[in-house]
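Just so you know, this note's numbering puts the end of the sequence shown at 1824, numbered straight through with nothing missing.
Where is the CB? At the ideal position from N, CA and C, for every residue including glycine.
What you are looking at is a predicted structure, and each value in this text was computed from that prediction instead of being measured.
In what follows, a single structure is set out as structure tokens and then discussed.
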Amino acid sequence: MSLKMSRRGFVKATAAATASTLLLGSQAATAFADDAAEGAKATSSDDVKIIPSVCRQCYGRCALFGHVKDGRLTKIEGNPDLFSEGTLCGRAFAIPQELYNPLRVRYPQKRVGEKGSGQWKRITWEEAYQEAADRYTEIGEKYGWHTIAHQYGTGRDMLQFQAINKLWLELGSTATFGVGNLCWVGSYFTSQRLYGDETQYTGWDGNNTDCILIWCRQERSRGYYDWLTVKRAQERGAKVICVDPRYTCTASKADLWLPIRPGSDMALVLAFINEIIHSDKCANDFARFCTNAPFFIDEEGTGYQLRESMIKEGGNEELYPAWDEAHDQLIFWSGDWQNKQGVGGPKAFQWLDAEGNIVADAKPALSGSREINGKTYRTSWDILVEHVTPWTIERAAEFCELPEDKIREAIQTYIDASPHACFCRGQKVEFSINTSGISQAFTIMMALAGNFDSKGGQNIGREPATGYDSFMFDVVPNKEGRMGKRRMETAKNIKKLSVCQNTGYQQILVADDATGELRETTQNSGGQVIYGQQGGFGAATTKAMAKGDPFQIHGYWQQTSEPILSIEGGHEIIEGFKNLDFFVNVDIYMTPSGELADIILPAAHPNEVDRVEWAHSGHGYPTSHTYLIRQPFHEPLGECKDDMDICFEFAKYMDVDMYWKDKYEFFDYMVKGPETLPPQLSCANFEEFRERISVTGVEMATVKQAPKYETGFMRKTSDFRPGFNTMYRGNKMGSVYRFPGTKTPDGKVIPAHPQSDNGKMEMWSEDLLLYGNGPLPLYIEPPITPLARPDLLEDFPYTLITGGRSHAFFHTEYRNSPWMREVHMFPTVDINPATAAEHGIAQDDWVWIETYVDKIRQRANLTEAIKPGMIHVEHDWWFPEREATDDLHGAIDSNCNVLFENNGPYDPAVGTDNYGGLCKIYKAEEGAPKNICMTEEDLKIFLPMSADAIASDDQADGVRQVTVKGGAK
């Protein structure tokens, strides 16, 4: 048996396929999986089925065809007729290796030895479900349902995520490790509260742009077709600016590269905003008429936006005062679109005078303070301008360690191209304790440059093909009053049922606006949230499991996730898992976390199930407006089941009302869309959608020849009023420190706060103030940097960064793929040759990377792509070739997340922790970790199983472990 393609051959084939697609845009690459040579020749034979589907190996959702012979996938090729233009990467080619991998769990398993012993026996689905139902019910009734945590992995399958979350929220679970709070939720949460949707990863219009600002994003790490968009934009004359500490592939193709100091991004964004505000390109009319910039702020009182109720006895809390330049009078914006306060109906989203009459030609003043009833109030615009003005290019250069002229060139290029300049960002910017703040700053930057819903700018409201997205799975039943009693009671009492109770107040280093000096201050926490549901994040849930703080977690349900590898504090997570009374893990493979579970439920592979799919994380029109089908190449192996089906089936055992009969009822709802949908965009049901393969919607800004916020299509209320979707704002879900009446440690009592669901975009954000960030984006120095911890520099002199994406993997996935491991055999640390020479480190040496917390081993890659004094280590490494008893399949040896504490500080809104710091590096004289694959020959253990081998392996005693004992040679 052989790999059927040498590493060199595979790399050459992949490179050729990529090159041909990038240069010619027409040739699709192929990959083979079977030993039988005839499988490679059967594409035109009558017994081969060619099935259109989608790749789910990353967020790109590239369209592909699967060639299936005798019920087995033999070949993958790109679909040239959809948005991905036939492009595929190696991860898609390796799908057959995943489907028939020897480490797949194909039958339910129950642990029969100690946790981590690797001892299992096969059980039936009925036995698994019943034992899980009995044990969870026992825990819920004895300790409370909030003591059962649930966890979901990467959000690439948002429908699956919705099913998991609904099941466990209905049962009363609150705690999760989170997932998107590491890499996406900061942006999404903040954008929702500022204007009602997300546009920092999605919706950039590279097809019509004059400038693309790419911030810490490797455009080739997900769908290759994004790079086609960038390449074509450059050919049209558009400029590409790359901001990234590393000289990445994106940086190498950019017109301008800014190698920013890690963690200093806020200083650069504030300089962008400052220059934009003081330029003649600033979108002043947008700020005046579409945002809360003219609103007065009650700085000395509540700290909130001023309402009439604060300046007049019996005044209305839905009326926001401002000054009318046109008529020299006080006017009031009515946010009462639901007519709850008597100023709705035709008066909603209108400027009114003191008598309540509509002032149709009002011109609210952006600038100027006014005295009202003896108190002076400033506009939020003046407060914003005062805040950003000291953040000059010179200050940004100092904080970011960048040349002033390069910063000036980048900002001017972006301003000159606006309103036809677009912005996209990578997830590494999210890996910080200030992820909500940086997301707010990016939003202000885009908006004030005039790039909201402009050609070549940002498509600011997601527009799924039919108008319905995955969130409707939970929204529809809740609107119809089908939220369960236990879930409602949990939400009402979340203050005492949340694991976030003790994550409140934290010491941070904030730059003083006036001087730029870092000063220590106490930051209020708002109670970290995941998708708006206050409940938990990695560190808080870890401490509840491991230490019983603030209460002991007793039960846990995990689905498609691997926290030991992807969350900070892996050792403590292992401790927590060992403390659990009961743990069910749903996954495709045996994983480090799974080895500590009581029951394993076998999940189907993504290409064994039906889904409505759409591209995530990036991608402009038409990609971001397209639904396409992911359908199975064959039935799930063994007794594997779709993750969604597992949720629906287990819900019956737990007497949970999921509202939808099954996944297909929801799929039908999604693809049909609302009654107002044009017929060509609507499918009668999922089976019609299956026949159509894909549906691409329209850009309403193009159709209406106006931005969506002017035509009512940003609203999610069906009222079609001009303005933004502001329904997400306010204390709707509740969180620990935002409750009125709560006393802070300094004795201040949080005053009552009305909702600010007023249709205006908020640049000065009342919600972020309430969550603890502050109303405007602050520069917060990361907790472990040379500036923050000079006391560590003698022992740990190098800046450590993590999380750069590899094309071979997706976070923890594909380490058991022989092709992907051939391409990228070892965990790799990037180090500048000058730094390496100081420590006698040569190319491919195994080295120790050590922080004040722990140390790990990776293999050295000497490269000029990283500055001297900086170290980059890869994340989420483990070794599935090692046994469960061998440190849980080598979950710690090379896992960079053990290098960091999980004691905070955290982002106050979404709980993101710090994933960078200071380190030292030195040669590992003992070489590589033991028992890992070292050669191409070693990787043969991961080769796909034949159909006969799969049929003969009933996994009666668990999943067969493949190993390379003594692999380090």
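Item: Between which two residues does the beta strand (DSSP E) holding G1312 run?; Value: Looking at the DSSP string, G1312 is not in any beta strand (DSSP E), and its letter there is neither H nor E.
Item: Could you work out which residue in I1639, K976, R966 is closest to D1809 when comparing CA atoms only?; Value: K976
Item: Should the segment 1437-1452 be regarded as contacting the segment 1414-1423, the criterion being three or more beta carbon pairs within less than 8 Å?; Value: yes
Item: Just confirm the distance between the C-beta atoms of P1176 and L1161, as a whole number of angstroms; I'd bet it's less than 8 Å.; Value: 5 Å
Item: Quick one: what does DSSP say L1083 is sitting in, helix, strand or coil?; Value: helix
Item: Classify M1616 as helix, strand or coil using the three-state DSSP reduction.; Value: strand
Item: If you run the structure through DSSP and keep just helix, strand and coil, what is A1458?; Value: strand
Item: Using only CA atoms, which one of E969, F1016, Q952 lies nearest to D1497?; Value: F1016
Item: Are there 16 or more other CB atoms within 10 angstroms of the CB of K1507, so buried, or fewer, so exposed?; Value: exposed
Item: Between the alpha carbons of E1554 and K1516, how many angstroms are there, rounded?; Value: 32 Å
Item: Going along the chain, which residues of its own chain have a beta-carbon closer than 7 Å to the beta-carbon of K1587, five neighbours each way excluded?; Value: No answer about K1587 holds up, because its pLDDT of 47 lies below 50 and its placement is not dependable.
Item: What's the C-alpha gap between D1153 and Y1669?; Value: 53 Å
Item: Grab the span of the alpha helix (DSSP H) containing K1433 for me, first residue to last.; Value: 1425-1434
Item: Quick one, which of E981, P1245, N1462 has its alpha-carbon nearest I1454's?; Value: E981
Item: Would you call the segment 1312-1330 and the segment 1053-1060 in contact, with 3 or more CB pairs under 8 Å?; Value: yes
Item: Which whole-angstrom value is the C-beta distance of L1303 and I1128, which I expect to be below 8 Å?; Value: 7 Å
Item: Taking N1757 as the reference, give the member of G1425, V1085, S1620 with the closest Cα.; Value: G1425
Item: Return yes when the Cβ of T1031 is within less than 8 Å of the Cβ of G1410, no when it is not.; Value: no
Item: Note down, in chain order, each residue of its chain lying with its Cβ closer than 7 Å to the Cβ of E986, except the 5 sequence neighbours on either side.; Value: I1454
Item: Starting from Y1360, follow its DSSP beta bridges and name the residues at the other end.; Value: In DSSP, Y1360 forms no bridge with anything.
Item: Under a Cβ-count criterion, where at least 16 other Cβ atoms within 10 Å of its own Cβ denotes burial, should G864 be classed as buried or exposed?; Value: Low confidence applies to G864: its pLDDT is 37, below 50, so where it sits in the model is not reliable, and the reading given next is rough at best. So G864 ends up on the exposed side.
Item: Mapping the DSSP letters down to three states, classify T1690 as helix, strand or coil.; Value: helix
Item: DSSP has P1176 in a bridge; who is on the other side?; Value: F1187
Item: Cβ atoms of K1021 and M1513: under 8 Å apart, would you say?; Value: yes
Item: Figure out for me which residue from G1766, G1771, E1719 has the closest Cα to the Cα of E1705.; Value: G1771
Item: G1190 to G1051, Cα distance in whole Å?; Value: 15 Å
Item: Can you give, in chain order, each stretch of the beta strand (DSSP E) that sits fully within the segment 1615-1690 and has at least 3 residues?; Value: 1653-1657, 1683-1686
Item: At which residues does the alpha helix (DSSP H) containing M1555 begin and terminate?; Value: 1555-1559
Item: Do W1236 and S1224 have their CB atoms nearer than 8 Å?; Value: no
Item: For the pair the segment 906-924 and the segment 955-974, tell me if three or more CB-CB distances fall below 8 Å.; Value: no
Item: For E1173, I'd like the list of residues in its chain whose CB is within less than 7 Å of its CB, leaving aside the five on either flank, ordered along the chain.; Value: S1189, G1190, D1191, Q1196, V1198
Item: If the criterion is Cβ atoms closer than 8 Å, does the pair G1393 and G1033 meet it?; Value: yes
Item: Answer yes or no: do F1044 and S1380 have a C-beta to C-beta separation smaller than 8 Å?; Value: no
Item: In terms of residue numbering, what span does the alpha helix (DSSP H) encompassing R1143 cover?; Value: 1139-1145
Item: Could you spell out where the alpha helix (DSSP H) holding S1235 opens and where it closes?; Value: 1235-1243
Item: Are the segment 1528-1548 and the segment 1321-1333 in contact at 8 Å, needing three or more beta carbon pairs?; Value: yes
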